[in-house]
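Novice: First the structure, then my questions, so here it is.
There are 2 protein chains.
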Amino acid sequence: MDVPAYIEANKGRFFADLKEWLAIPSISGDPEHSGDVRRSAEWLAAYLRDQGFPTVEVWETAGLPSVFAEWPAADADAPVVLVYGHHDVQPVEPLSEWDTDPFTPTEKGDRLYGRGASDDKGQIFFHALGIRAGLAASGATAPPVTIKMLVEGEEESGSVHFAELLRTRRERLACDTVVISDTTMWAADVPSMCTGMRGLTEAEITMFGADTDLHSGSFGGAVPNPLHAMTELLGALHDADGRVMLPGFYDDVVPLTDEERELFARLPFDEETWLRTAGNSGAASGEKGFTTLERVWARPTAEVNGMWGGHTGPGGKTIVPKEAHAKLSFRLVAGQEPLKVQEQIRVFVQEHTPPGLRAQVQTGGGVRPCFSPIDSVGVRAARRAMEKAFGKEVLFTREGGSGPEADLADILEAPLVFMAVGLNDDRIHAPNEKVEMPLLLKGAESAAYLWEELARALR
Amino acid sequence: MDVPAYIEANKGRFFADLKEWLAIPSISGDPEHSGDVRRSAEWLAAYLRDQGFPTVEVWETAGLPSVFAEWPAADADAPVVLVYGHHDVQPVEPLSEWDTDPFTPTEKGDRLYGRGASDDKGQIFFHALGIRAGLAASGATAPPVTIKMLVEGEEESGSVHFAELLRTRRERLACDTVVISDTTMWAADVPSMCTGMRGLTEAEITMFGADTDLHSGSFGGAVPNPLHAMTELLGALHDADGRVMLPGFYDDVVPLTDEERELFARLPFDEETWLRTAGNSGAASGEKGFTTLERVWARPTAEVNGMWGGHTGPGGKTIVPKEAHAKLSFRLVAGQEPLKVQEQIRVFVQEHTPPGLRAQVQTGGGVRPCFSPIDSVGVRAARRAMEKAFGKEVLFTREGGSGPEADLADILEAPLVFMAVGLNDDRIHAPNEKVEMPLLLKGAESAAYLWEELARALR
């Protein structure tokens, strides 16, 4: 029995099991559901044991538990792959906007509705089916690579204890490649793989002037105004071409390759539609020389998130305000280090603080970017696996934000491969979350092929 | 009996009368004291009648009353001079910081303490003594110019009904020159005259982007950020030399003459001391090529008074905010028109609104600047009068802000002359307001000479 045939024969059971798991409201952000998150972990652990994993453990953290499972290859020298996903889910409010109960998984045509159907229970679930399909097709009793799974319980509440868990369990988690199944494809008929996520660092800048607000009639025009200095500083943050002017900001940026740009360009992207999703933004704009997708996926940015100072109430008040404040965030791409960028921020602010004012910079929120080059061994293997399953060319995307993926790459010192079949219209984090059931089966098929591909590629 | 002798002989009575008037708490900003403001007007009217003014009237407004008095010259063709001051006073809070009761006028050495002693009862009061001293010295029964007095009752609460009063009573107030007695001299031993006050216009700018705040991971760097546009707009409001970049902003500015700059420069000005009064500002700064005094007195400015947008609460929030706001005020100098500057603001904002954003500008608060050239007939006459009274050279100052003076000049179509003897350390608007009694007598002496000088100069 080949992989597709096994999956076809077992899909009924697969979805029945998934629905049982989806019925558990494992909302990690709501303390009232902590028990449900634990129940979800126990359910998954039992399920993976039942699927044949020789080792399955529930790993406690200072918060909510992760599930760890391991199925060793027959060959002790075979590559080791760690699959990452999460079993906790987002809150469901506003409940009134759901057409079906979020924890009563409901099929409508090819779609399965329910919280977690796409993000991320459905996507982690297809791996078990994939492994069994691979074994059925090969007739082996163990997969061609050692498969470890780590299914987190706090991803939707900020992965607060995840890095600590990775450090503590570093030896048990040791692997050659990490496979992330928590992203999306471009479209149901445009299979694609994510190859990177932007990192982040944040800064709050305060510009101090006089001890008090000053009367602008008596002092205006003769003492420095902190709001002027702040607007001049922030106004100088980008040049006319939209490039970020922090000193050295682009020095370490891994540039997009011509091949990746060409592959991005082949994605069927409609800018008008995208602008509507961007709160009806009036125009695309940003760094000159890059497309909208390149800008949000693969270029670093500086964004003023908030700013305030002086009189902000009704009416006028003719003052020179005593201070000005701004909150900034920087999206970082492959090659950039949050700590290095934080230092660039401090230098930039210092260079733009005029005589007579004092500036203060508080930085934080360092998340490193993650990146999988499209010509890396793992990405190429995963692409072959997906192309075999989908029967068509697989393109590439990236994501503009990031979660705990960089910690996996950094702490486990392993390259990342993103393989997932969610769609952007799955309404994750929103009412009426759904997953396309045929795509989950394609995910299982891709996963089945992936182990063979990785076994060959990594050996 | 010459002018000084008359003043010396009558000073006891002068201060006794002034104290009686100062005891009336004519706080125009406090509705509970409206009756006191009326009582103050009636008191002053009775006093001026007693001093010999043939015509004295209390003029009602929609708010609190002004006092009008007229003493015609014997010669029907003589010039007409209108003296402006106000009989209302500032509130006295915090009362606990007063060393003496604010409405129990108290002499300590050469100083007379009490609310209104300097601003403005004391200064308007010296005119009556000045007129009588002039008559005593000349032996005439009428002054050499027709003297009109207009003593407002709402100056400390915004002169809300003053322009209307001027328009209604325009014919009665017709004059060749307005003498303002509501400013200060540089120092007790540095007599000076104010020659101008800056005007004002205000603007509120709003920059609109997307319909909602956007996630900066998904959209940052690819749609316009209203806070970026606002900081770039405001950052471009001044050039590197501190000049205001509104198109045409300086076109109509009456430049400082070399003589006025030279006279400003002779004022004993200590920048370190001034910076301490400026809330311990760290440095003087502003338009290149001008001194601090020139900047606050005689150069137009643009000041960002307040700004806000996006996330301003604790912690970070990685958004592209949907809008940004700023409040600005512009100090205007001789030659500039508020309405014209408001149009320049709109043009500047339009030129700095990037594609995809929408800007809105609300303007208001037009106060025209007022200005008395130092070589004008009235200023030269008043300078001669003060120099005769003080026995030394009189220098020139200006004021950075403005009150109802521009309305007087505009509506009555008459040049302004500022003659006053208050000091910057009189603590007007603050606890323990005082006036230097010898300076009030010098004011009376200056006023006595002024009518002769103006009669000669304006004839």
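Residue numbers (the UniProt record's numbering), protein chains in the order written: chain A, 1 to 459; chain B, 1 to 459. For each residue, glycine too, the CB sits at the ideal point set by N, CA and C.
Which residue from 203/A, 200/A and 219/A puts its Cα closest to that of residue 209/A?
Specialist: Of the candidates 203/A, 200/A and 219/A, the one whose C-alpha sits nearest the C-alpha of residue 209/A is 219/A.
Novice: In the DSSP assignment, find the beta strand (DSSP E) that holds residue 360/A and state where it starts and stops.
Specialist: Unbroken beta strand (DSSP E) run through residue 360/A: 358-367.
Novice: I want to see whether chain A comes within less than 9 Å of residue 180/B, judged by CB atoms only; does it?
Specialist: Closer than 9 Å: no.
Novice: Given this structure, state the Cα-to-Cα distance separating residue 377/B from residue 65/B, to the nearest angstrom.
Specialist: Answer to the nearest angstrom: the Cα atoms are 32 Å apart.
Novice: In chain A, which residues lie less than 8 Å from residue 310/B when you measure between Cβ atoms?
Specialist: 304, 305, 306, 307 and 327, listed in chain order.
Novice: If you follow the alpha helix (DSSP H) that residue 351/A is in, where does it begin and where does it stop?
Specialist: Per DSSP, residue 351/A belongs to the alpha helix (DSSP H) from 338-351.
Novice: Which stretch, first to last residue, makes up the alpha helix (DSSP H) that contains residue 235/A?
Specialist: Residue 235/A -> alpha helix (DSSP H) spans 226-235.
Novice: Report back the beta-carbon spacing between residue 68/B and residue 200/B to the nearest angstrom; my notes put them in contact at under 8 Å.
Specialist: That pair is no contact at about 28 Å.
Novice: Helix, strand or coil: which one does DSSP assign to residue 223/A?
Specialist: Reduced to three states, the DSSP call for residue 223/A is coil.
Novice: Identify whether residue 64/B lies in helix, strand or coil by the three-state DSSP scheme.
Specialist: Three-state result, residue 64/B: coil.
Novice: How about residue 29/A: is its C-beta nearer than 9 Å to some C-beta of chain B?
Specialist: False, the Cβ-Cβ gap to chain B never drops below 9 Å.
Novice: Mind checking whether residue 307/B and residue 195/A have CB atoms under 9 Å apart?
Specialist: No, Cβ-Cβ distance for residue 307/B and residue 195/A is not below 9 Å.
Novice: Which residue comes first and which comes last in the alpha helix (DSSP H) that contains residue 394/B?
Specialist: Segment: none, residue 394/B is in no alpha helix (DSSP H) and carries neither H nor E.
Novice: Is any beta-carbon of chain B found at less than 9 Å from that of residue 160/A?
Specialist: For residue 160/A, the answer is no, since every Cβ of chain B falls outside 9 Å of its Cβ.
Novice: Would a check of beta-carbon distances place residue 358/B closer than 9 Å to chain A?
Specialist: Residue 358/B counts as touching chain A.
Novice: Taking the alpha-carbon of residue 370/B as reference, which of 139/B, 298/B, 425/B and 98/B has the nearest alpha-carbon?
Specialist: Nearest of 139/B, 298/B, 425/B and 98/B to residue 370/B, Cα basis: 298/B.
Novice: Going along chain B in order, which residues have a C-beta closer than 7 Å to the C-beta of residue 219/A?
Specialist: Within chain B, the residues near residue 219/A are 278 and 296.
Novice: For a contact defined as C-beta to C-beta under 9 Å, what are the partners of residue 267/A on chain B?
Specialist: Ordered by position in chain B, no residue passes the 9 Å Cβ test against residue 267/A, which lies about 15 Å from the chain.
Novice: Where do the ends of the beta strand (DSSP E) carrying residue 57/B lie?
Specialist: Where residue 57/B is concerned, the enclosing beta strand (DSSP E) stretches over 55-59.
Novice: Excluding the 5 residues preceding and the 5 following residue 74/A in the sequence, name in chain order all residues of the same chain whose CB lies nearer than 6 Å to its CB.
Specialist: These residues qualify, in order along the chain: 142.
Novice: 9 Å is my cut-off, CB to CB: does residue 157/A come that close to chain B?
Specialist: No - not a single Cβ of chain B is within 9 Å of the one on residue 157/A.
Novice: Taking only runs that begin and end inside the region 79-140 of chain A, name each unbroken beta strand (DSSP E) of 3 or more residues, in chain order.
Specialist: Within the region 79-140 of chain A, the complete beta strand (DSSP E) runs of at least 3 residues are 80-86, 106-108 and 111-113.
Novice: Tell me whether residue 186/A sits in a helix, a strand or coil according to DSSP, three-state version.
Specialist: In this structure, residue 186/A counts as coil in the three-state DSSP scheme.
Novice: Tell me whether residue 248/B is buried or exposed, calling it buried when 16 or more other Cβ atoms sit within 10 Å of its Cβ.
Specialist: Residue 248/B comes out exposed.
Novice: From this set, 20/A, 211/A, 182/A and 333/A, which residue's C-alpha is nearest residue 276/B's C-alpha?
Specialist: It is 211/A whose Cα lies nearest to the Cα of residue 276/B.
Novice: Please list, in chain order, all residues of the same chain as residue 319/B whose beta carbon is under 8 Å from its beta carbon, the five residues on each side excluded.
Specialist: The answer, listed in chain order, is 213, 214, 215, 216, 310 and 311.
Novice: Rounded to whole angstroms, what's the CA-CA distance from residue 160/B to residue 291/B? Just pull it up for me.
Specialist: About 34 Å.
Novice: Using the beta-carbon count (16 or more within 10 Å), is residue 339/B buried or exposed?
Specialist: With fewer than 16 other Cβ atoms within 10 Å, it is exposed.
Novice: In the DSSP assignment, find the beta strand (DSSP E) that holds residue 330/B and state where it starts and stops.
Specialist: Unbroken beta strand (DSSP E) run through residue 330/B: 323-332.
Novice: Tell whether a beta-carbon distance below 9 Å holds between residue 123/B and residue 422/B.
Specialist: It is a contact, given that the beta carbons lie within the stated cut-off.
Novice: Of all the beta strand (DSSP E) runs that stay within the bounds of the region 1-37 of chain B, which reach a length of 3 or more residues?
Specialist: Complete beta strand (DSSP E) runs here, min 3: none at all.
Novice: Considering Cα atoms alone, identify which of 359/A, 397/A, 282/A and 427/A is closest to residue 190/A.
Specialist: Out of 359/A, 397/A, 282/A and 427/A, 397/A has the C-alpha closest to the C-alpha of residue 190/A.
Novice: Starting from the C-beta of residue 204/B, find all residues in its chain whose C-beta is less than 6 Å away, skip the five residues before and the five after it, and write them out in chain order.
Specialist: Excluding positions up to five away in sequence, the list reads 327 and 362.
Novice: Have a look at residue 385/B and residue 453/B and give me their C-alpha separation to the nearest angstrom.
Specialist: So the alpha carbons of these two residues sit roughly 7 Å apart.
Novice: How should residue 230/B be labelled, buried or exposed, when 16 other C-beta atoms within 10 angstroms of its C-beta is the threshold for buried?
Specialist: So residue 230/B ends up on the buried side.
Novice: Closer than 9 Å, CB to CB, is residue 432/B near chain A or not?
Specialist: For residue 432/B, the answer is no, since every Cβ of chain A falls outside 9 Å of its Cβ.
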